[in-house]
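Q: For reference, each letter of the sequence shown is one residue, going 920 to 1185 in the numbering used here. Would you mind keeping the following structure in view while I ask a few things?
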Amino acid sequence: MTQDKLEIAIYQQDIAWHNPEGNYRRVEQAVATMCHPVDMIVLPETFNTGFGGDMRSLAEEAEGPTLEFVKRMAAQYDAAFVGTWLVRYDDEVRNRMHIVYPDGRYNIYDKLHTFRMSSEYEQVARGHCSASFEWKGWNIKPAICYDLRFPVSLRNRYNDNALDYDVLLLCANWPASRIAAWDTLLKARAIENVGYVVAANRTGVDESGLVYNGHSQVIDFKGNRVDNGGDASQPILCATLSKSELDDFRKRWPFYLDADRFSILG
């Protein structure tokens, strides 16, 4: 059964560099300040360590301590917990998003586009396929940071009289120096795919001196922000997504029926 309203919380985390235990405490303290229950809590990319450095040494086993922490938080708050961290898989390191449910089950997605202009490209293997999952009747598509720049892999395709997803869910470490691109691409992905975009970005300064200024946001299918904040001084952002409003808009404006049917790859 589909739940019409989906309550979302995003934590704009100032990530402690290569300090999982410290980051667990930050998450615990921030989430405890939420003023009402939610269905999903979204953390930034590599929330337990930060992005960069010797990423191979930071990688955990698939069933490692960060997964155990997130399972505990999901059960405690009766919500799906979402974040990425580095894991070892088939003798490789992956930047893996985990969507962890209150009963301990979880879905995963490995980042398709590793960031060429950083050590991630050399140290972390790319994922091999897209993914999707369902939560409370909503179809959700995961993506990680650099994936945002590649719209073909995020295309909301119309098959069997339905679109693939209702929400594009993004975890990121996107620096302030390129935040204009972030803001623009998030809005574009929402409009072109006729769906919500939920995007969590970090704040603070990392070990290399990169500054992050948040700009986490929830954008609706019209390209409008629907969260309750946006600046770096507000750690927790909240938003309510409406399935009935989304469905009504799609029926009235079925742009997806005229989507390109050919492959741009030839």
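Note that CB positions come from ideal geometry on N, CA and C, so glycine has one too.
Does Pro1061 get closer than 8 Å to chain C when you measure Cβ to Cβ?
A: Of the chains in the structure shown, none is chain C; there is only one protein chain.
Q: Throw me the rounded Cβ distance for the Ile1186 and Val950 pair, which I believe falls under 8 Å.
A: The question about residue 1186 has no answer here: the residues shown for the chain are numbered 920 through 1185.
Q: Name the two residues that bound the continuous beta strand (DSSP E) containing Ala999.
A: The residue labelled residue 999 in the question sits at position 80 within the sequence shown. Element bounds for Ala999: 999-1008.
Q: Alpha carbons only, please: which of Trp1057, Asn1092, Leu1089 is nearest the one belonging to Met920?
A: Within the sequence shown, residue 920 is the residue found at index 1, counting from 1. It is Trp1057 whose Cα lies nearest to the Cα of Met920.
Q: Exposed or buried, which one is Ile1183 when buried takes at least 16 other CB atoms within 10 Å?
A: Position 264 of the sequence shown, counted from the first residue, corresponds to residue 1183. In this prediction, Ile1183 has a pLDDT of 46, which is less than 50 and means its spatial position is unreliable; nothing more can be read from the coordinates.
Q: According to the neighbour-count rule (16 or more other Cβ atoms, all chains shown, within 10 Å of its Cβ), is Thr1122 buried or exposed?
A: Within the sequence shown, the letter at position 203 stands for residue 1122. Buried: at least 16 other Cβ atoms inside 10 Å.
Q: Look at the alpha carbon of Val1130 and the alpha carbon of Lys1170, and state the distance between them as a whole number of angstroms.
A: Residue mapping note: residue 1130 aligns to position 211 of the sequence shown, counting from 1. Residue mapping note: residue 1170 aligns to position 251 of the sequence shown, counting from 1. Rounded to whole angstroms, the gap between the alpha carbons of Val1130 and Lys1170 is 42 Å.
Q: Leaving out five residues on either side along the sequence, give the residues of the same chain with a beta carbon under 6 Å from the beta carbon of Gly1023.
A: Working through the sequence shown from its first residue, we reach residue 1023 at position 104. Contacts found: Lys990.
Q: So does the segment 1040-1058 actually touch the segment 1014-1031, counting three or more Cβ pairs closer than 8 Å?
A: The way I'd put it, the segment 1040-1058 does touch the segment 1014-1031; three or more beta-carbon pairs between them come closer than 8 Å.
Q: Can you tell me whether DSSP reads Leu1165 as helix, strand or coil?
A: Position 246 of the sequence shown holds residue 1165. Looking at Leu1165 - three-state DSSP - the assignment turns out to be helix.
Q: How about Gln932 and Val946: do their beta carbons lie closer than 8 Å?
A: Indexing the sequence shown from 1 puts residue 932 at position 13. Indexing the sequence shown from 1 puts residue 946 at position 27. For Gln932 and Val946, yes; Cβs fall inside 8 Å.
Q: Cα separation between Cys1090 and Ile927?
A: To locate residue 1090, count along the sequence shown from 1; it is residue 171. To locate residue 927, count along the sequence shown from 1; it is residue 8. Cys1090 and Ile927: Cα-Cα distance of roughly 14 Å.
Q: Report buried or exposed for Met1036, applying the criterion of at least 16 other Cβ atoms within 10 angstroms of its Cβ.
A: Your numbering for residue 1036 matches position 117 in the sequence shown. Result: exposed.
Q: Could you tell me which residues DSSP puts in a beta bridge with Glu1126?
A: Numbered from 1 along the sequence shown, position 207 holds the residue referred to as residue 1126. None; Glu1126 has no bridge partner.
Q: In angstroms with no decimal places, state the Cα-to-Cα distance between Ala993 and Leu1082.
A: Start at 1 with the first residue of the sequence shown, and residue 993 comes out as number 74. Start at 1 with the first residue of the sequence shown, and residue 1082 comes out as number 163. Answer to the nearest angstrom: the Cα atoms are 28 Å apart.
Q: Between the alpha carbons of Cys1048 and Lys1030, how many angstroms are there, rounded?
A: Stepping through the sequence shown from its first residue, residue 1048 is reached at position 129. Stepping through the sequence shown from its first residue, residue 1030 is reached at position 111. Roughly 9 Å between the two C-alpha positions.
Q: Quick check for students: name the residue ranges of the beta strand (DSSP E) that lie wholly in the segment 1067-1095, counting only runs of 3 or more.
A: 1086-1090
Q: On the DSSP letters alone, give me the boundaries of the beta strand (DSSP E) that Gln1136 sits inside.
A: Here the question's residue 1136 lines up with position 217 in the sequence shown. Per DSSP, Gln1136 belongs to the beta strand (DSSP E) from 1136-1138.
Q: Below 8 Å CB to CB, which residues in the same chain sit around Pro956 once its five sequence neighbours on both sides are set aside?
A: As a first step, residue 956 is located in the sequence shown; it is residue number 37 there, counting from the start. Glu926, Tyr996, Asp997, Ala998, listed in sequence order.
Q: Given a threshold of 16 other Cβ atoms within 10 Å of its Cβ, counted over all protein chains shown, does Pro1070 qualify as buried or as exposed?
A: Here residue 1070 corresponds to residue number 151 of the sequence shown, with the count starting at 1. Looking at its Cβ environment, which holds fewer than 16 other Cβ atoms inside 10 Å, Pro1070 is exposed.
Q: Pull up the CB-CB distance for Val1001 and Leu1088, whole angstroms please, since I reckon it's below 8 Å.
A: Start at 1 with the first residue of the sequence shown, and residue 1001 comes out as number 82. Start at 1 with the first residue of the sequence shown, and residue 1088 comes out as number 169. Between Leu1088 and Val1001 the Cβ distance is about 6 Å, and since that is below 8 Å, they are a contact.
Q: Which same chain residues end up closer than 7 Å to Phe1174 when comparing Cβ atoms and leaving out the 5 residues on each side of it in sequence?
A: For the purposes of this step, residue 1174 is taken as residue 255 along the sequence shown, with counting starting at 1. Hits under 7 Å: Val1113.
Q: Could you give the residue range of the alpha helix (DSSP H) that holds Glu1053?
A: If you number the sequence shown from 1, residue 1053 lands on position 134. Counting along the chain, Glu1053 falls outside any alpha helix (DSSP H), though it belongs to the beta strand (DSSP E) covering 1052-1054.
Q: Measuring only the C-alpha atoms, how far is Asn1143 from Trp1101?
A: Locating residue 1143 in the sequence shown gives position 224, counting from the first residue. Locating residue 1101 in the sequence shown gives position 182, counting from the first residue. About 15 Å.
Q: With a threshold of 16 other CB atoms inside 10 Å of the CB of Ser1127, please say whether the residue is buried or exposed.
A: Residue mapping note: residue 1127 aligns to position 208 of the sequence shown, counting from 1. Exposed: under 16 other Cβ atoms inside 10 Å.
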